[in-house]
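Residues 152 to 334 in the working numbering are what the sequence shown spells out, letter by letter.
Cβ coordinates follow ideal geometry from the N, Cα and C atoms, glycine included.
Predicted model, so just to flag it, every value in this text is computed and none were measured.
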Amino acid sequence: MESKAPPVRQFKINRTSFTRHYEVLRPDGTQLYYVDQSAFTKDKPNLTFHEGNDAKGPIVAVSHMPRFSFDCKVGLGDPSLSSSAGNVNIQWEDLTRKSVNASEFHWAMTCPPAAGAPSAMRRNFVWKRTHKVGAEGAAPSAVTFRNFKLLDGETDDHNGFAVREGEEEGGSVWCCWRAAGGG
152 MESKAPPVRQ FKINRTSFTR HYEVLRPDGT QLYYVDQSAF TKDKPNLTFH
202 EGNDAKGPIV AVSHMPRFSF DCKVGLGDPS LSSSAGNVNI QWEDLTRKSV
252 NASEFHWAMT CPPAAGAPSA MRRNFVWKRT HKVGAEGAAP SAVTFRNFKL
302 LDGETDDHNG FAVREGEEEG GSVWCCWRAA GGG
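This is the structure we're talking about:
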């Protein structure tokens with residue numbers, strides 16, 4: 152049985168000079184998330200993702216990045232909604248560096264059930280540096296260290312990743328990210 156490739160979704164991440172936030176946009180320019188950046192405020196996440204155009208939108212995710220570490224904690228949900236009764240409304244995941252040169256990062260998360268599936272499923276993912284896949288239709292560059300592809304880490308074929316016909320050796324690409332200049 153042939154596995155069906157996941158639907159491709161593209162996002163543009165924008166940060167203008169002299170600002171402390173990012174905007175996550177659809178290709179048509181519609182803003183999905185406002186991401187507040189905080190580097191020095193004690194007990195505040197380094198990144199806070201708000202749904203919508205500004206920091207007034209509901210929090211959908213947070214990230215804590217310990218100093219002097221390449222790993223980070225990602226919280227899916229709003230930590231302020233956790234109740235004192237022990238009901239936790241946030242799912243914490245670890246994003247860990249797996250290579251000395253910071254070219255590969257792994258994490259696992261529980262994904263909502265797919266249509267017709269009986270329950271949620273735990274999945275493994277990998278962000279891996281690439282010089283062969285370009286984002287937004289751009290030609291890939293062999294000299295940049297800022298292009299990453301998102302891979303399904305579930306398979307154990309070539310180098311731990313599935314290889315589908317017509318795709319770059321070393322993985323079924325779910326998403327490609329390119330850091331642009333500015334700010």
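Where residue i falls, given that 16 or more other Cβ within 10 Å makes a residue buried
{"i": "Gly304", "result": "buried"}
{"i": "Leu232", "result": "exposed"}
{"i": "Asn204", "result": "exposed"}
{"i": "Pro196", "result": "buried"}
{"i": "Asn298", "result": "buried"}
{"i": "Val294", "result": "exposed"}
{"i": "Thr181", "result": "exposed"}
{"i": "Val251", "result": "exposed"}
Unbroken beta strand (DSSP E) run spanning residue i, endpoints
{"i": "Val301", "result": "The identity of residue 301 in the sequence shown is Leu, whereas the question assumes Val. Asn298 to Asp303 is the extent of the beta strand (DSSP E) around Leu301."}
{"i": "Lys279", "result": "Met272 to Arg280"}
{"i": "Phe169", "result": "Note, Phe169: premise wrong, no beta strand (DSSP E); not H, not E."}
{"i": "Met216", "result": "Looking at the DSSP string, Met216 is not in any beta strand (DSSP E), and its letter there is neither H nor E."}
{"i": "Asn240", "result": "No beta strand (DSSP E) holds Asn240; DSSP gives it neither H nor E."}
{"i": "Lys163", "result": "Lys163 to Asn165"}
{"i": "Thr199", "result": "Leu198 to Glu202"}
{"i": "Val294", "result": "Where Val294 is concerned, there is no enclosing beta strand (DSSP E), given that its DSSP letter is neither H nor E."}
{"i": "Lys207", "result": "First-last for Lys207: undefined, no H or E at that position."}
Reference residue i, options the options, closest by Cα
{"i": "Phe256", "options": "Lys279, Gly267, Arg166 and Pro217", "result": "Lys279"}
{"i": "Ala253", "options": "Cys262, Ser220 and Ile210", "result": "Ser220"}
{"i": "Ser214", "options": "Ala206, Cys223, Pro269 and Gly208", "result": "Cys223"}
{"i": "Asp187", "options": "Asn165, Gly180, Arg248 and Pro178", "result": "Asn165"}
{"i": "Leu227", "options": "Val211, Val175, Pro217 and Lys163", "result": "Val211"}
{"i": "Ala190", "options": "Leu301, His201, Pro178 and Arg171", "result": "Arg171"}
{"i": "Lys249", "options": "Arg218, Pro263 and Phe276", "result": "Phe276"}
{"i": "Met272", "options": "Arg218, Arg177, Met260 and Thr281", "result": "Met260"}
{"i": "Trp258", "options": "His282, Tyr184 and Arg274", "result": "Arg274"}
Alpha-carbon to alpha-carbon, residue j and residue i
{"i": "Thr167", "j": "Tyr173", "result": "8 angstroms"}
{"i": "Asp307", "j": "Lys207", "result": "With a pLDDT of only 45 at Asp307, under 50, the local geometry of the prediction cannot be trusted, and the value read off the model is given with reservation. When rounded, the distance between both Cα atoms is 43 angstroms."}
{"i": "Lys161", "j": "Lys193", "result": "It is Gln, not Lys, that sits at residue 161 in the sequence shown. Cα to Cα, Gln161 sits roughly 33 angstroms from Lys193."}
{"i": "Gln242", "j": "His201", "result": "16 angstroms"}
{"i": "Phe169", "j": "Leu198", "result": "17 angstroms"}
{"i": "Ser270", "j": "Asn240", "result": "19 angstroms"}
{"i": "Asp229", "j": "Ala268", "result": "26 angstroms"}
{"i": "Lys300", "j": "Met216", "result": "21 angstroms"}
{"i": "Thr247", "j": "Cys262", "result": "19 angstroms"}
{"i": "Asp179", "j": "Asp245", "result": "31 angstroms"}
{"i": "Tyr184", "j": "Thr281", "result": "26 angstroms"}
{"i": "Leu302", "j": "Lys283", "result": "14 angstroms"}
Identified DSSP bridge partners for residue i
{"i": "Arg248", "result": "Phe256"}
{"i": "Leu176", "result": "Lys163 and Gln182"}
{"i": "Arg232", "result": "It should be pointed out that residue 232 corresponds to Leu in this sequence rather than to Arg. Partner(s): none; Leu232 has no beta bridge."}
{"i": "Lys345", "result": "In the structure as shown, the chain begins at 152 and stops at 334. Residue 345 is therefore absent and cannot be evaluated."}
{"i": "Thr261", "result": "Arg273"}
{"i": "Asp187", "result": "His172 and Thr199"}
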